[in-house]
Every structure is written in structure tokens, then in C-alpha cells.
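Novice: Before we start, here is the structure in question, set down as C-alpha cells.
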Amino acid sequence: MPREQGRKFIAQNKKARHDYSILDTYEVGLVLTGTEVKSLRQGRASLVDGFAMVEDGEVWLHHVHIPEYTEGTWTNHTPRRKRKILMHRAEIEKLIGKTKEGGLTLVPLDLYFKDGRAKATLALAKGKKTYDKRQDLAERDSRREMERAFGRYVKGRR
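Using my numbering, read the sequence shown as starting at 8 and increasing by one per residue.
Shown next as C-alpha cells:
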């Protein structure tokens, strides 16, 4: 059987881009059990409440929901266990320094398979205030309206 090539997306955390302003992103590996990988291959996961923390020089992913594998037996995993994240030591040291600063957190943006291996995109993010969220929505709506108007103008339908 040939090896899997390319990216296959499993789950995205769209709410994270709304609730946080993204400062930096990292592609990270995950330490998973066999039934977790099988459940992910079925396209089942939720990143909604997920976050990452640095504990004792290691990065751990918390509250990411990977449901139990339907065909699994007593070897099945618990859906919301904490999972170890694989990163380079220099990246972890940088994250330790930045998360010690006030207000920065690590949030998973998406889960995917890259060349057959489970990966995640982890973002160093700062929480947005309510008025920032409203301002972003207003900017997006105005940009969309301008594009519509320009499209009508180009087509000759003022």
C-alpha cells in the first residue's frame, strides 16, 4: 500500500480566530494512541475548548475531544485526555518565555494528517476584547460590501 501524501484536514477551530488575535503559529506533532489515530482517520475531533500549556519543559494539549473509536475494545482511549505535543527544544524555550508574559496563550487552530502523520497548528495568541471582535466583524462586512459593489460595477450593473 503506498504511503499517504499531502494534507488531509480533520478539524478546524474557527472560533479561535474570532476570539484571539494570532501572533505566531507552529506546526507540531502529537503523541497519540492507536485508537485515537483511527478515530481521527474517520474525521472525528473537536478543538473548540482546546488549549496547550508548557509543563516541566514539555508542551501538553488539553481539552481536545477525540471521540472513542467505534470499533475499539477495552484498549480504547479516554476522549478528553491530555496529549503530548512534539516540538523542537528551541521552540519550547521561546514559548516558555512568551507565555510567561501576560495575556498570551497557546490555542490549537487545526488538526490534520501530513504525509500520514497526525499534526496540529498551534498558535500563540492574545485574547480579544468584545469591542475588538465587533470591529473585526464590521471591517469584514464593509470589505465584503465593497467587493460586491466593485463586482457589480465591473459587470456594468451599477
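Glycine included, C-beta positions come from ideal geometry on N, C-alpha and C.
Predicted model, so just to flag it, every value in this text is computed and none were measured.
1. Restricting to Cα atoms, I'd like to know which of Glu-34, Lys-89, Pro-115 and Met-153 is closest to Glu-62.
2. Helix, strand or coil for Gln-142, going by three-state DSSP, please let me know.
3. Which residue from Ala-23, Leu-116 and Pro-74 puts its Cα closest to that of Val-44?
4. Name the one or two DSSP bridge partners that Gly-36 has.
5. Is the stretch 23-35 touching the stretch 88-108 in the sense that three or more CB pairs, one from each, lie closer than 8 Å?
6. For Ala-52, does the three-state DSSP call read helix, strand or coil?
7. Check Gly-158 in the structure and name its three-state DSSP category.
8. Would Leu-118 pass as a contact of Ile-29 if the rule is Cβ separation under 7 Å?
9. Taking Cβ positions, are Thr-112 and Ala-132 nearer each other than 7 Å?
10. Name the DSSP beta bridge partners of Met-60, please?
11. With H, G and I counted as helix, E and B as strand and the rest as coil, what does DSSP make of Gly-41?
12. Alpha carbon to alpha carbon, what distance is there between Lys-162 and Thr-106?
13. Which of the three DSSP states is assigned to Ile-17 in this structure?
Specialist: In this structure, then:
1. As a position in the sequence shown, residue 62 is number 55, starting the count at 1. Closest option to Glu-62, Cα to Cα, is Lys-89.
2. Taking the first residue of the sequence shown as 1, we reach residue 142 at position 135. Correct three-state label for Gln-142: helix.
3. Your numbering for residue 44 matches position 37 in the sequence shown. Of Ala-23, Leu-116 and Pro-74, the residue nearest in Cα terms is Pro-74.
4. Here residue 36 refers to the residue found at position 29 when the sequence shown is read from its first residue. Partner(s): Leu-93 and Lys-126.
5. yes
6. One-based indexing of the sequence shown puts residue 52 at position 45. Ala-52 sits in coil when the DSSP states are folded into three classes, being neither helix nor strand.
7. In the sequence shown, residue 158 corresponds to position 151, counting from 1. If DSSP states are grouped into helix, strand and coil, Gly-158 belongs with the helices.
8. Taking the sequence shown and counting its residues from 1, the one referred to as residue 118 is at position 111. Taking the sequence shown and counting its residues from 1, the one referred to as residue 29 is at position 22. No, the Cβ-Cβ distance between Leu-118 and Ile-29 is not below 7 Å.
9. The residue you call residue 112 lines up with position 105 of the sequence shown. The residue you call residue 132 lines up with position 125 of the sequence shown. Yes, these two residues count as a Cβ contact at 7 Å.
10. Taking the sequence shown and counting its residues from 1, one reaches residue 60 at position 53. Answer is Trp-67.
11. By 1-based counting over the sequence shown, the position of residue 41 is 34. Residue state, collapsed to three classes: helix.
12. Locating residue 106 in the sequence shown gives position 99, counting from the first residue. Locating residue 162 in the sequence shown gives position 155, counting from the first residue. Computed Cα separation, rounded: 50 Å.
13. Sequence index remark: in the sequence shown, residue 17 carries index 10 (1-based). If DSSP states are grouped into helix, strand and coil, Ile-17 belongs with the strands.
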